[in-house]
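K.L.:
These protein sequence lines are chains A and B, in that order.
In terms of the numbering used here, the first sequence is numbered consecutively and its last residue is 467.
In terms of the numbering used here, the second sequence is numbered consecutively and its last residue is 388.
Here a beta-carbon is modelled for each residue, glycine too, at the ideal position from N, C-alpha and C.
Mind looking over this structure? Questions follow.
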Amino acid sequence: MVEIKTAEELNKKYLREGMWPTIFCNGCGIGVVLEYTLWAIEELGWDMDKVVFASGIGCSSRLPGYINADGLHTTHGRAIAFATGIKAANPDLNVVIFTGDGDCSGIGGNHFIHAARRNIDLTVIMVNNFVYGMTGGQSSPTAPIGSVATTAPYGNIEHPFDICGIAKALGANYVARWPVSHPYQPIKSVKEGLQKKGFSLLEFLAPCPTAYGRRNKLGDIKKLWKWYDDNTILIEDYEKTMNYGNEKEKEEIKNKIQIGVFQDIEKSGFFEEYEKLMMMLQEKKTTGEKK
Amino acid sequence: MTIMIDTGNYIAAKAAVMARPAVVPAYPITPQTTLVEGIANYVKTGEFKGEYICVESEHSAMCACIGASAAGVRTFTGTSSHGLLLMHEMLHWAALARLPIVMCNINRTVGPGWNIWPDENDSISQRDTGWIQFYCSSNQEIFDTVIQAFKLAENEKVLLPVMINYNAFILSHTSMPVEIPKQKEIDDFLSKYKPRWKLDVDNPITFGNIILPADYEKIRKDMQNSSENAKKLIPEIAKEWKKIFGRYHGDLIEKYRCDGAEYILLAMGAIGAESKVAIDNLRKEGLKVGLARVRTFRPFPKEEILKLGKQADLIVIDRNISVGSEGALFSEVKAALYDKSDAKVYGFIAGLGGKDVPYTDIEKICKKSINGKAKDCEWYNLEGV
Ligand SMILES: Cc1ncc(C[n+]2csc(CCOP(=O)(O)OP(=O)(O)O)c2C)c(N)n1
Ligand code: SF4
């Protein structure tokens with residue numbers, strides 16, 4: 177096998193050249209998320225014939241179209257429900273979902289919740305850019321309070337979703353959040369998430385300079401990356417300060433977005449449990465018949 | 004009166020805000036986005052004083068409209084394509100609960116085969132939900148119809164929700180000059196909404212209770228009767244509008260150069276507007292062709308169409324296809340004539356997925372029919388199949 181060393185070689189190996197150029201704007205973080213995912217797959221040495229990418233609708237959901245592998249570009253918010261079907265039909269396939277904050281936590285929130293609760297063996301990669309990018313910048317359920325959007329020109333007054341917090345509470349096996357401005361941890365987390373049996377969620381804070389940045393004085397991509405540095409904190413540091421810091425230190429970090437691995441457990445998933453159940457019932461039937 | 008030069012969506016937003024709804028729940032979808040963004044802007048400027056909610060899906064948008072309307076206030080929303088399809092369950096609910104909600108739907112293609120261009124299959128597939136359906140052909144008609152729709156929906160003889168359809172981009176994103184009346188004039192035309200039934204703590208009622216078959220059937224029949232009432236009211240409201248504001252877009256259908264016509268073309272929405280150019284050109288050539296632009300698909304203008312069928316042969320263009328059958332307008336036109344007219348009816352499917360239908364094509368469609376070369380239902384200008 178040829179060793180891949182550069183991003184260019186990586187792209188050549190995994191992407192559909194005929195689909196270039198992509199729809200992504202300059203400075204968009206979605207391509208970075210794709211890059212991290214492909215590095216993870218490359219490092220794991222996965223056979224792409226065993227991987228299926230599913231997505232809903234949004235800029236981020238366009239990703240499967242660019243990858244040279246099977247893909248199902250579905251309807252807005254429903255990718256996880258479609259993916260559950262793929263996994264049920266052929267549990268040997270590795271099913272990866274690309275979704276946006278709107279797609280996953282808004283219109284598709286219910287599917288997300290139930291897949292996490294059932295601990296279905298899927299890897300959900302959610303690109304969180306705080307906005308509905310594809311439709312031109314409407315406020316999303318993860319938008320920070322006060323942020324400006326075309327549907328909230330007066331500034332958002334709704335509390336944002338903590339999607340990792342929800343996944344963790346629902347008992348998903350693997351839950352992590354990283355800004356794309358961190359290069360190494362994301363790839364490691366994607367690798368862990370892909371390999372994990374059961375439900376994994378990888379949330380990426382990724383810039384949308386066009387629909388979010390410009391309206392929030394973060395149109396300059398450098399400013400957006402700096403925003404991530406200034407407004408995120410490692411889970412461990414957050415907890416340390418909250419446990420041992422003084423009031424001023426606590427106040428300073430109170431509203432920061434925590435990043436890192438929130439959960440890494442081994443709980444059996446829906447299909448494993450179902451298989452066990454089938455074995456038990458079938459066994460009962462055959463032993464019963466013998467009697 | 005002022006003149007506002009703007010796109011169909013911003014004009015619809017202006018009309019909606021001037022109708023003073025108390026609640027507007029909405030979820031964005033291309034090509035409707037600028038309609039909700041327009042309303043959000045009126046919140047910012049203080050011109051809209053109602054509650055505007057960025058809900059998390061179209062299903063939720065219609066649910067919130069239903070809740071608000073049941074609580075006794077005027078409600079408005081807008082959507083398109085997959086958004087409308089996601090509302091489907093709630094469209095039935097709103098109509099059966101007899102809630103006078105007004106909604107704009109921007110006609111857009113349904114996926115997969117992801118496509119944002121105009122196509123009427125989204126709203127045609129909602130025709131049995133009990134909603135009144137208008138199809139507009141200009142931004143002025145959008146403005147006027149939104150205001151008129153509240154008056155129609157809220158009339159106790161009707162009490163059915165109204166969907167105002169207009170084509171993606173051709174109208175939603177194209178600017179035209181539109182006459183905007185003064186707020187006071189709109190207020191005078193549209194009296195305050197005072198529902199006879201609403202959720203009221205002093206006089207509790209329940210919407211959506213369990214009901215036995217015989218009563219259920221009565222509810223359906225009552226909807227049908229109300230829809231018949233709407234047929235009478237739509238022309239009355241149009242007449243009143245004309246008297247006050249001097250503008251008129253037709254009743255259930257808009258007739259254009261039908262006098263002495265031996266062939267009458269039937270079309271809806273933007274194709275209906277484009278057809279006027281075709282008709283003028285054909286008339287110049289001495290061909291006796293007129294146009295009947297169908298403004299309401301529900302209630303269906305059966306009687307008017309029968310009148311046309313007694314006068315001329317009919318040519319129908321559908322920007323939709325009921326797969327396994329034919330164009331929806333074509334079917335309904337033939338059903339309206341059944342056993343009562345000998346008119347020939349020619350059907351054409353054109354412009355699906357947003358394929359352009361210029362007046363030159365419409366002229367060809369008419370000539371083909373006049374020359375007796377049209378098939379029963381033809382896919383016009385289909386490429387490479
Ligand atoms: C049922 C339905 N409603 C609305 C839309 C319109 N729509 C397309 S993408 C999108 C939002 C996408 O936002 P997000 O998921 O955050 O992805 P991003 O584009 O930011 O990557 C919306 C509202 C749709 N396609 N289908
Ligand atoms: S609109 Fe935003 S999310 Fe979409 S491609 Fe552009 S930068 Fe990326």
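1) Using Cβ-Cβ distances below 7 Å, what residues of the stretch 301 to 321 of chain A are close to chain B?
2) State buried or exposed for B:Tyr341, treating a residue as buried only when at least 16 other CB atoms are found within 10 Å of its CB.
3) Using CA atoms only, rank isn't needed, just tell me which of B:Leu309, B:Thr177 and B:Ala217 is closest to B:Ile14.
4) Check A:Ile363 in the structure and name its three-state DSSP category.
5) Listing by chain order, which chain A residues have their CB less than 7 Å from the CB of B:His85?
6) With a threshold of 7 Å, establish whether the CB of A:Cys384 neighbours any heavy atom of ligand 1.
7) For ligand 1, is there a heavy atom less than 7 Å away from the beta-carbon of A:Gly205?
8) Check the Cβ-Cβ distances between B:Glu92 and every residue of chain A, and say whether any is below 8 Å.
9) When every heavy atom of ligand 1 is checked, does at least one fall within less than 7 Å of the C-beta of A:Asp279?
10) Does the structure place the stretch 254 to 264 of chain A close enough to the stretch 209 to 219 of chain A that three or more beta carbon pairs sit under 8 Å?
11) Check the Cβ of A:Gly285 against every Cβ in chain B and list those closer than 8 Å, keeping chain order.
12) Could you confirm whether any beta carbon from chain A is found closer than 8 Å to the beta carbon of B:Thr36?
13) Establish whether the CB of B:Ala43 and some CB of chain A are separated by less than 8 Å.
14) Beta-carbon within less than 6 Å of B:Asp316's beta-carbon, same chain only, minus the 5 sequence neighbours each way: which residues are those?
15) Contact defined as beta carbons within less than 8 Å: I believe A:Ile256 pairs with A:Phe274. What is the distance between those atoms, to the nearest angstrom?
16) Out of B:Arg101, B:Gly272 and B:Asn323, which one is the CA nearest neighbour of B:Glu144?
17) Considering Cα atoms alone, identify which of B:Ala270, B:Ala264 and B:Thr78 is closest to B:Leu290.
18) Please name the residue or residues paired with A:Ala328 in a DSSP beta bridge.
19) Mind checking whether the beta-carbon of A:Gly309 lies closer than 7 Å to any heavy atom of ligand 2?
20) Under a CB-based cut-off of 8 Å, is A:Tyr330 close to chain B?
21) Checking contacts by CB at 8 Å: is A:Gly374 closer than that to chain B?
22) Can the beta-carbon of A:Ile233 be found closer than 8 Å to that of A:Met310?
23) Identify which residue in A:Asn266, A:Lys393 and A:Glu442 has its Cα closest to the Cα of A:Gly331.
24) My parser needs the alpha helix (DSSP H) runs of 4 or more residues fully inside the stretch 21 to 93 of chain B; what are they?
25) With 8 Å as the threshold, decide whether the Cβ of A:Thr327 is near any Cβ in chain B.
26) Tell me the residue span of the beta strand (DSSP E) that contains B:Tyr266.
27) Who are the Cβ neighbours of B:Thr78 in its own chain at under 6 Å, not counting the five residues just before and after it?
28) Using the Cβ count rule (16 or more neighbours within 10 Å means buried), how would you classify A:Leu457?
29) Go through the stretch 280 to 306 of chain A residue by residue and report every complete run of the beta strand (DSSP E) that reaches 3 residues or more, in order.
30) Say yes only if the C-beta of B:Gly289 is nearer than 7 Å to one or more non-hydrogen atoms of ligand 1, and no if none qualify.
31) Indicate whether at least one CB of chain B lies closer than 8 Å to the CB of A:Gly282.
32) Count the other CB atoms, across all protein chains shown, that sit within 10 Å of the CB of A:Lys424; report buried if there are 16 or more and exposed otherwise.
33) Return yes when at least one heavy atom of ligand 1 lies under 7 Å from the C-beta of A:His252, else no.
34) Check the Cβ-Cβ distances between B:Glu401 and every residue of chain A, and say whether any is below 8 Å.
35) So, helix, strand or coil for A:Gly276, using DSSP?
P.N.:
For this structure:
1) Tyr308, Thr311, Gly312, Gln314, Ser315 and Pro317
2) exposed
3) B:Thr177
4) helix
5) Thr251 and His252
6) yes
7) no
8) no
9) yes
10) no
11) Glu59
12) yes
13) yes
14) Tyr266, Ala346 and Lys347
15) 11 Å between Cβ atoms; not a contact.
16) B:Gly272
17) B:Ala264
18) A:Ala325
19) yes
20) yes
21) no
22) yes
23) A:Lys393
24) 36 to 48, 61 to 73 and 84 to 89
25) yes
26) Tyr266 to Ala270
27) Pro24, Val26, Cys68, Ala71, Ser72 and Ile104
28) exposed
29) 299 to 304
30) no
31) yes
32) exposed
33) yes
34) Residue 401 of chain B is absent from the model: chain B starts at 4 and stops at 388.
35) strand
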